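**Student:** Protein chains in written order, with my numbering: chain C, 38 to 300; chain D, 38 to 300; chain Z, 38 to 300; chain G, 38 to 300. Positions of the beta carbon are idealized from the N, C-alpha and C atoms, including for glycine. Since this is a predicted model, take the numbers as computed values, not measurements. Handing you a structure now.
There are 4 protein chains.
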Amino acid sequence: MSTEPAVPSFPTSLGTSTADEIRLLGQDLTADLMGKVGFGELAFWLVALRRPTPSETRVFEAVLVALADHGFTPTAIAARLTYLSAPDSLQGALAAGLLGGGSRFLGVTEDCGMFLHEALERHDLPTDEAGWDEFALEVVRGVQGKFIPGLGHPVHKVQDPRTPVLIGIAREEGLEGPHLKLFQAIGRVHEQVLGRKLPLNGAGVCGAALADLGLPVELLRGFALLARAAGLLGQIAEERRRPIGMDAYLTVDRNAVYVDPET
Amino acid sequence: MSTEPAVPSFPTSLGTSTADEIRLLGQDLTADLMGKVGFGELAFWLVALRRPTPSETRVFEAVLVALADHGFTPTAIAARLTYLSAPDSLQGALAAGLLGGGSRFLGVTEDCGMFLHEALERHDLPTDEAGWDEFALEVVRGVQGKFIPGLGHPVHKVQDPRTPVLIGIAREEGLEGPHLKLFQAIGRVHEQVLGRKLPLNGAGVCGAALADLGLPVELLRGFALLARAAGLLGQIAEERRRPIGMDAYLTVDRNAVYVDPET
Amino acid sequence: MSTEPAVPSFPTSLGTSTADEIRLLGQDLTADLMGKVGFGELAFWLVALRRPTPSETRVFEAVLVALADHGFTPTAIAARLTYLSAPDSLQGALAAGLLGGGSRFLGVTEDCGMFLHEALERHDLPTDEAGWDEFALEVVRGVQGKFIPGLGHPVHKVQDPRTPVLIGIAREEGLEGPHLKLFQAIGRVHEQVLGRKLPLNGAGVCGAALADLGLPVELLRGFALLARAAGLLGQIAEERRRPIGMDAYLTVDRNAVYVDPET
Amino acid sequence: MSTEPAVPSFPTSLGTSTADEIRLLGQDLTADLMGKVGFGELAFWLVALRRPTPSETRVFEAVLVALADHGFTPTAIAARLTYLSAPDSLQGALAAGLLGGGSRFLGVTEDCGMFLHEALERHDLPTDEAGWDEFALEVVRGVQGKFIPGLGHPVHKVQDPRTPVLIGIAREEGLEGPHLKLFQAIGRVHEQVLGRKLPLNGAGVCGAALADLGLPVELLRGFALLARAAGLLGQIAEERRRPIGMDAYLTVDRNAVYVDPET
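Right under this line is the structure:
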């Protein structure tokens, strides 16, 4: 005789509800959260399972604001073209835009946070700037010519303006932790190894700051995607007001040149 | 001779950048926005092209908080199953979850806002509660037995706890406008026409509140999707910590019963 | 005491398997289907729950071939931009391309099939061409100036070359049914009502042909999406070989013009 | 003075059209392809840029048939749940299903093809079965305890019925090439290294067969996705006819158990 239950139970710490109450994260949604917790604060809480402090919220929201929109990126154009083709499905246009949030364009935040995190796990924390520089040199040498996530930017070739500002905000809030320190040290020393000076980019510093907030590094891409969801909503709203999708499509299509497959 | 330009220009009021500056919405991203503007505030601004007041931000974020997560919805389960199948692509799991944000489960916010908006466009604004009730009666009669978006809820059969709380917040902030007033009046009078009393549901009241903030009703679904993006991130984070996707899948698969296609 | 089962059963006529056999549609996958049934044939069978005849298969595959790829459409460009951004997730690029398969660009097939189907449900079948013309006149008049799906094409302004060819194939195979007949009659008579001659387009004739095969009209968009999945695979393969995504993106981004949000 | 053209040209060997002709792959779509080329044949051609022979088409379509549907997989359930939530967007449900086509459930085809391909690039082709076995032993030893893609199956623990059938079809058609030979040799020798006998699974043998057809191994996942698109269409059609999505959702939701986030 089987004593195994016919259907498993499904544990969760997120939303549950009864006829007269909705709970979320162990809180009463209407009494404890609505009107009392900001949206960024809740997003942090949903992943970290703890309410962030006001200082953490300020750094976290500064990161989301920094990542929300970068203008006509491939993902923004993809969302607009999808909206042009299927205006009846806003969720499809948003999803299409987020699907570009992979390794190349939106992945730097996660890759940089994870790269710093793994380096920190293998090493004792330095106690002064000279110690961080030595550690950073070791890290940069260790990649042996491979790409360091967070270093370099196609447009901001000398300095990415987001980098010093976000470090400044984290410092003001007492949240400049080991990831940001190692990242800055890499910025100071990499030229010695690589032979040229590259800026620390904004996506990378965002990853470092999120990792210093204690958020799981495997999910950092998720915060970049959340930020981008707001930006894509802005792009779709603009596509309704002042469309560019049709022109973008026609510019490609009218300049198509047939190439023999054999060549 | 053609004087037509070879390539069109692509107008935008969102993100643009030069080598040393990033602009967004006509602001300097690093000097004016990062650390100074909340994430919800920015999301509103990106769509409405104006910075919300603190009162508007509070109502707006209360809506996003209300809509972020409703536990094991079909969309949350779809996101978890997708993450189970393709853990290498967080963006795919998030997109899969958002794709359920259509007419049935997430669409009520938009449908309700739009329904109220269209009714308000056809009618002068009443000046007292009796006037609103009369107007609401006319609206309910006008649908002739068809479904009124925002009315009724499968779980909260008597009262949805979000409804009075969100109306209260809007009232506190001086933002209880015509959409919320008409929605409440429908709540008071529909029983006279429909013959039974239904609750005003939370998704509907969120749509009414967003419409009262002056946000474009055609895009209200977009805010529900943004809120849900945060909730889905929480679901995916929980799927990593305490997975249920495999059990959900096996529960269906092990209880599959083959049915002859002819029948 | 509850006698309700703890977990429902999940009926299906599609795939099931045991340790040593895989069944699909009531057939033994390895003994009855692999190597014996074509892919198009199986796709028809999966939806219609009956194996198509060779004639039906020929018409069905001619439709899929006609719809597979139309060059640099918005959906093809969206898939390529997504692949550029996230080359690690082929499924994301394919999904992004399919998400444009909505009302405007890929929806004509479904809309036309459904439009013809609904007209046919309200009317007895004519017995000669004069009868079809009379019926078609009534249908065209009935839309009262609204758009008739399947009529007109931005490029093929006089004749869409796919239309006569697909009708010819259906006729050869004895599968020119009422949907194709009504569609052709609309082609002959609409000028009398609309005051100008428009071509019957290829997406529309595909919808009519699929409806004549007895496929459910609510799912015709699905076949257009299946056909397009093959085309998008070709587009992604070409993006790997001879990329255009970066140029498409840069063409838009470099010609961006900032517009004050106030204007 | 700049002589750079204002807009780049966009090369393609796929679809192009003029007012009276549609070309695809250098062929006249209506004269050369419709009614003359099968859908599977065209899908192969779109990626490989050459028309497959009838033998190649038979093996290729046998693979697509084998991969089309495996019943209630996580991806099929995700598609059905998405359709339940957003029945207005068939493309969204299909896309949600495909997004699970990642590393774990649909990736084996690609991973296995690529694994065999890389091994073959490092080694001369053996000339007899003993040579293949020796080569395979070296390959299995080389992975040093890591997972070999294509080996093992959760349900078909002794033999996957698809494996011998697909090898048989390839052999009949004279298309049993080095990937299939190495895969079979791995099947014969791995027990010596791993200490237990595992079956060669169906997804793996499909990858080997596709690689033997000369298709690019980086795109093998794409063919699994194309096959699955047909299967998902069948799942969605069945969800319309005999829905299970609501029961699947309720089974999870009704068995939800709240867990304190602190634990």
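Can you pull the chain G residues whose beta carbon is under 8 Å from the beta carbon of C/THR55, in chain order?
**Tutor:** Locating residue 55 of chain C in the first sequence gives position 18, where the first residue counts as 1. Under the 8 Å cutoff, chain G gives no residues; its nearest Cβ is about 11 Å from C/THR55.
**Student:** Among the residues of its own chain, which have a CB less than 6 Å from the CB of D/MET151, if the five just before and after it don't count?
**Tutor:** Taking the first residue of the second sequence as 1, we reach residue 151 of chain D at position 114. Counting only Cβ-Cβ distances below 6 Å, and skipping sequence neighbours, we find VAL254.
**Student:** According to DSSP, is Z/THR164 helix, strand or coil?
**Tutor:** Against the third sequence, residue 164 of chain Z aligns to sequence position 127. Of the three classes helix, strand and coil, the one that applies to Z/THR164 here is coil, per DSSP.
**Student:** Taking all protein chains shown into account, decide if Z/VAL294 is buried (16 or more other Cβ within 10 angstroms of its Cβ) or exposed.
**Tutor:** As a first step, residue 294 of chain Z must be located in the third sequence, where it is residue number 257. Looking at its Cβ environment, which holds fewer than 16 other Cβ atoms inside 10 Å, Z/VAL294 is exposed.
**Student:** Straight-line CA distance for G/SER50 to Z/ALA105?
**Tutor:** If you number the fourth sequence from 1, residue 50 of chain G lands on position 13. If you number the third sequence from 1, residue 105 of chain Z lands on position 68. Between G/SER50 and Z/ALA105, the C-alpha separation is close to 14 Å.
**Student:** What is the DSSP secondary structure of C/GLU210, reduced to helix, strand or coil?
**Tutor:** Position 173 of the first sequence, counted from the start, is the residue given in the question as residue 210 of chain C. Coil at C/GLU210, not helix or strand.
**Student:** So with Cβ pairs under 8 Å, would you call D/ASN292 a contact of chain Z?
**Tutor:** In the second sequence, counting from the first residue as 1, residue 292 of chain D sits at position 255. So yes, D/ASN292 belongs to the interface.
**Student:** Grab me the residues of Z/THR40's own chain with a C-beta within less than 6 Å of its C-beta, minus the 5 sequence neighbours each way, in chain order.
**Tutor:** Working through the third sequence from its first residue, we reach residue 40 of chain Z at position 3. Any answer about Z/THR40 is weak, because its pLDDT of 49 lies below 50 and its placement is not dependable; what the coordinates show is given next. Result list for Z/THR40: empty, nothing under 6 Å.
**Student:** My guess is that C/THR112 and C/ALA240 are in contact by the Cβ rule of under 8 Å, so how many angstroms apart are they, rounded?
**Tutor:** As a working note, residue 112 of chain C is residue 75 in the first sequence. As a working note, residue 240 of chain C is residue 203 in the first sequence. Rounded, the Cβ-Cβ distance is 13 Å, inconsistent with contact.
**Student:** Assess, as a yes-or-no matter, whether the segment 177-193 of chain D is touched by the segment 267-278 of chain D under the definition of 3 or more beta carbon pairs within less than 8 Å.
**Tutor:** Taking 8 Å as the limit for Cβ pairs, the verdict is that the segment 177-193 of chain D does not touch the segment 267-278 of chain D.
**Student:** In the DSSP assignment, the beta strand (DSSP E) including C/PRO48 goes from what residue to what residue?
**Tutor:** On the first sequence, position 11 is the one that residue 48 of chain C refers to. Per DSSP, C/PRO48 belongs to the beta strand (DSSP E) from 47-49.
**Student:** If C/LEU61 and C/LEU70 are in contact, beta carbons under 8 Å, what's the gap, nearest whole angstrom?
**Tutor:** Position 24 of the first sequence, counted from the first residue, corresponds to residue 61 of chain C. Position 33 of the first sequence, counted from the first residue, corresponds to residue 70 of chain C. Correct: roughly 6 Å between the Cβ atoms.
**Student:** Let me know if G/GLU58 comes out buried or exposed under the rule of 16 or more other beta-carbons within 10 Å of its beta-carbon.
**Tutor:** Numbered from its first residue, the fourth sequence carries residue 58 of chain G at position 21. With fewer than 16 other Cβ atoms within 10 Å, it is exposed.
**Student:** From which residue to which residue does the beta strand (DSSP E) around G/ARG60 run?
**Tutor:** Residue numbering aside, residue 60 of chain G sits at position 23 when the fourth sequence is read from its first letter. Per DSSP, G/ARG60 belongs to the beta strand (DSSP E) from 58-61.
**Student:** Can you find the residues in the same chain that come closer than 8 Å, C-beta to C-beta, to Z/LEU287, ignoring five residues on each side of it along the sequence?
**Tutor:** Start at 1 with the first residue of the third sequence, and residue 287 of chain Z comes out as number 250. Closer than 8 Å at Cβ, skipping near neighbours: no residue.
**Student:** Name the two residues that bound the continuous alpha helix (DSSP H) containing G/THR146.
**Tutor:** Here residue 146 of chain G refers to the residue found at position 109 of the fourth sequence. Looking at the DSSP string, the run of the alpha helix (DSSP H) that includes G/THR146 is 145-158.
**Student:** Rounded to whole angstroms, what's the CA-CA distance from Z/ALA153 to G/ALA68? Just pull it up for me.
**Tutor:** Looking up residue 153 of chain Z in the third sequence gives position 116. Looking up residue 68 of chain G in the fourth sequence gives position 31. One detail in the question is off: residue 153 of chain Z reads as Leu in this sequence, not Ala. If you take the alpha carbons of Z/LEU153 and G/ALA68, they lie about 27 Å apart.
**Student:** On the DSSP letters alone, give me the boundaries of the beta strand (DSSP E) that G/VAL11 sits inside.
**Tutor:** As shown, chain G starts at 38 and ends at 300. That puts residue 11 of chain G outside it, with no answer to give.
**Student:** In this structure, does DSSP put G/MET283 in helix, strand or coil?
**Tutor:** Indexing the fourth sequence from 1 puts residue 283 of chain G at position 246. In this structure, G/MET283 counts as helix in the three-state DSSP scheme.
**Student:** Would you kindly work out how many angstroms separate the C-alpha atoms of G/ARG225 and G/LEU235, rounded to a whole number?
**Tutor:** Start at 1 with the first residue of the fourth sequence, and residue 225 of chain G comes out as number 188. Start at 1 with the first residue of the fourth sequence, and residue 235 of chain G comes out as number 198. So the two alpha carbons sit approximately 10 Å from each other.
**Student:** Under the three-state reduction of DSSP, which class applies to G/THR200: helix, strand or coil?
**Tutor:** For the purposes of this step, residue 200 of chain G is taken as residue 163 along the fourth sequence, with counting starting at 1. Residue state, collapsed to three classes: helix.
**Student:** Just checking: is the beta-carbon of D/PRO191 within a distance shorter than 8 Å of some beta-carbon in chain C?
**Tutor:** Position 154 of the second sequence, counted from the first residue, corresponds to residue 191 of chain D. By this cut-off, D/PRO191 is not an interface position.
**Student:** If we count Cβ pairs, one from each stretch, closer than 8 Å, do we get three or more for the segment 109-125 of chain C versus the segment 113-124 of chain Z?
**Tutor:** The segment 109-125 of chain C is in contact with the segment 113-124 of chain Z.
**Student:** Assign Z/THR55 to one of three DSSP states: helix, strand, or coil.
**Tutor:** Translated into the one-based positions of the third sequence, residue 55 of chain Z becomes position 18. It is a strand residue.
**Student:** Starting from the Cα of G/PHE76, find the closest Cα among G/PRO280, G/ALA264, G/ASN292 and G/ARG291 and give me that residue.
**Tutor:** The residue labelled residue 76 of chain G in the question sits at position 39 within the fourth sequence. Comparing Cα-Cα distances from G/PHE76 to each of G/PRO280, G/ALA264, G/ASN292 and G/ARG291, the minimum goes to G/ALA264.
**Student:** Count the other C-beta atoms from every protein chain shown that fall within 10 angstroms of the C-beta of G/LYS218, then say buried if there are 16 or more, exposed otherwise.
**Tutor:** In the fourth sequence, residue 218 of chain G corresponds to position 181, counting from 1. Looking at its Cβ environment, which holds 16 or more other Cβ atoms inside 10 Å, G/LYS218 is buried.
**Student:** Suppose you measure from the CA of G/LEU101 to the CA of G/GLY211; what does that come to, to the nearest Å?
**Tutor:** For this step, residue 101 of chain G is matched to residue 64 along the fourth sequence. For this step, residue 211 of chain G is matched to residue 174 along the fourth sequence. One C-alpha to the other measures close to 19 Å.
**Student:** Is the Cβ-Cβ distance between Z/PHE81 and C/ASP290 less than 8 Å?
**Tutor:** By 1-based counting over the third sequence, the position of residue 81 of chain Z is 44. By 1-based counting over the first sequence, the position of residue 290 of chain C is 253. Taking 8 Å as the Cβ cut-off, Z/PHE81 and C/ASP290 do not qualify as a contacting pair.
**Student:** For C/ASP290, list the residues DSSP reports as bridge partners.
**Tutor:** For the purposes of this step, residue 290 of chain C is identified with residue 253 of the first sequence, where counting begins at 1. According to DSSP, C/ASP290 bridges with nothing at all.
**Student:** How close, in whole Å, do the beta carbons of D/GLU275 and D/GLY282 come, if the pair is a contact with beta carbons under 8 Å?
**Tutor:** Mapped onto the second sequence, residue 275 of chain D falls at position 238. Mapped onto the second sequence, residue 282 of chain D falls at position 245. Not quite, the Cβ-Cβ distance comes to about 10 Å (not below 8 Å), so this is no contact.
**Student:** Is any beta-carbon of chain Z found at less than 8 Å from that of G/VAL145?
**Tutor:** To locate residue 145 of chain G, count along the fourth sequence from 1; it is residue 108. Taking Cβ atoms only, chain Z never reaches closer than 8 Å to G/VAL145, which makes this a no.
**Student:** Counting only Cβ pairs nearer than 7 Å, list the residues of chain B close to C/THR288.
**Tutor:** Going by chain labels, chain B is absent from the structure shown, which instead holds the protein chains C, D, Z and G.
**Student:** Note down, one range per segment and in chain order, each alpha helix (DSSP H) of at least 4 residues found wholly within the segment 61-96 of chain C.
**Tutor:** DSSP runs (the alpha helix (DSSP H)) wholly in the segment 61-96 of chain C: 76-85.
**Student:** So is D/ALA173 buried or exposed if we call it buried at 16+ other beta carbons inside 10 Å?
**Tutor:** In the second sequence, counting from the first residue as 1, residue 173 of chain D sits at position 136. Buried, because 16 or more other Cβ atoms sit within 10 Å of the Cβ of D/ALA173.
**Student:** Any idea what DSSP makes of Z/LEU252, helix, strand or coil?
**Tutor:** Counting from one through the third sequence, the residue named residue 252 of chain Z turns up at place 215. Correct three-state label for Z/LEU252: coil.
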